[in-house]
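Mind the numbering: the sequence shown is residues 1 to 224 in UniProt numbering, read in order.
No residue lacks a Cβ here, since even glycine has one placed at the ideal position from N, Cα and C.
Note that the structure is a prediction, hence the values are computed from the model and not measured.
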Amino acid sequence: MVLKHLPSESLPREKLLNRGSHALSDAELLAIFLRTGTKGMNVLQLADALLSDFGSLRALFTANREVFCQRKGLGLAKYVQLQAVLEMSQRYLSETIQRGDSLNSPEQTKHYLMSVLRDRHREAFYVLFLDNQNRVIAGEIMFEGTIDAASVYPREVVKRALYHNAAAIILSHNHPSGVAEPSQADRRITRRLTDALGLVDIRVLDHFVVGDGEVVSFAERGWI
1 MVLKHLPSES
11 LPREKLLNRG
21 SHALSDAELL
31 AIFLRTGTKG
41 MNVLQLADAL
51 LSDFGSLRAL
61 FTANREVFCQ
71 RKGLGLAKYV
81 QLQAVLEMSQ
91 RYLSETIQRG
101 DSLNSPEQTK
111 HYLMSVLRDR
121 HREAFYVLFL
131 DNQNRVIAGE
141 IMFEGTIDAA
151 SVYPREVVKR
161 ALYHNAAAII
171 LSHNHPSGVA
181 EPSQADRRIT
191 RRLTDALGLV
201 DIRVLDHFVV
211 GDGEVVSFAE
221 RGWI
């Protein structure tokens, strides 16, 4: 069906304007991004086909360039646009958590850390440095490892915390396997970091482990 034959309220752009972006399906949101369809397929049909091929929006967004560009209806220009959109989204989330507001919501912190760590193919250890009112000073990926593990050095974390004049920190890392359950090694390094930072009066507020669709908080489990 040609889009112009659909009722105006069913068109993705008009639906967004009238009801808000939250009212749109994944296919409708993707259709707005794609803008045009291909021969014999309108943009909504193309969006549906792409989601079916890739399995999800996330899989589409994280596909490598070669796989993305070889799909009919996509290509290098769309790949560049998508990477720009994803980077803007990442920077927006970063700004919302780094404007000097105190981190009082674990859910806000989890959402941000998911955006930073979830789709990395290698394990990464990320630290948020906070002032004495739990306001974010900076966030840094301090260590990266293989797909299975990252080497974490407490001395380096202490040095960076002192450099930022941090009063507290939040630790986090991802599990590329997708399973967020902390390992015994995760618990051991958290204890080592807590002890090392305690010597210079810097508190460890939490350690978050990011999986595919879940984030585990050490503080919520009573481990910190």
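Buried or exposed (CB count within 10 angstroms, at least 16 for buried), residue i
{"i": "A23", "result": "exposed"}
{"i": "N174", "result": "buried"}
{"i": "residue 226", "result": "Residue 226 cannot be examined here, being either before or after the span of the chain that is shown, 1 to 224."}
{"i": "M1", "result": "Caution is warranted here: a pLDDT of 49 is assigned to M1, below 50, making its placement in the model unreliable, and the coordinate value is therefore given only provisionally. Burial call: exposed."}
{"i": "G139", "result": "buried"}
{"i": "E181", "result": "exposed"}
{"i": "K110", "result": "buried"}
Residue range of the unbroken alpha helix (DSSP H) whose run includes residue i
{"i": "V116", "result": "P106 to L117"}
{"i": "R35", "result": "Premise fails: R35 is in no alpha helix (DSSP H) and is neither H nor E."}
{"i": "G198", "result": "Q184 to G198"}
{"i": "L46", "result": "V43 to F54"}
{"i": "A63", "result": "Looking at the DSSP string, A63 is not in any alpha helix (DSSP H), and its letter there is neither H nor E."}
Span of the beta strand (DSSP E), counted from its first residue to its last, around residue i
{"i": "E14", "result": "No beta strand (DSSP E) contains E14, which is instead part of the alpha helix (DSSP H) from P12 to R19."}
{"i": "V204", "result": "R203 to V210"}
{"i": "G139", "result": "V136 to E144"}
{"i": "F129", "result": "A124 to L130"}
{"i": "V215", "result": "V215 to S217"}
{"i": "L171", "result": "A168 to N174"}
Beta-carbon proximity of residue i to residue j, cut-off 9 angstroms
{"i": "R187", "j": "F218", "result": "yes"}
{"i": "L93", "j": "V158", "result": "no"}
Nearest neighbour of residue i, chosen from the options [CA to CA]
{"i": "Y79", "options": "L197, L60 and M41", "result": "L60"}
{"i": "W162", "options": "I32, P106, R203 and N18", "result": "According to the sequence shown, residue 162 is Leu rather than Trp. Selected option, being the one with the closest Cα: R203."}
{"i": "S177", "options": "N18, N134 and A124", "result": "A124"}
{"i": "I224", "options": "G211, G37 and T190", "result": "T190"}
{"i": "T38", "options": "Y126, R71, Q90 and V209", "result": "R71"}
{"i": "G211", "options": "A27, R221, S172 and D201", "result": "S172"}
{"i": "T62", "options": "M142, L86 and F143", "result": "L86"}
Whole-angstrom C-beta distance between residue j and residue i, which should lie under 8 angstroms
{"i": "L128", "j": "I169", "result": "6 angstroms"}
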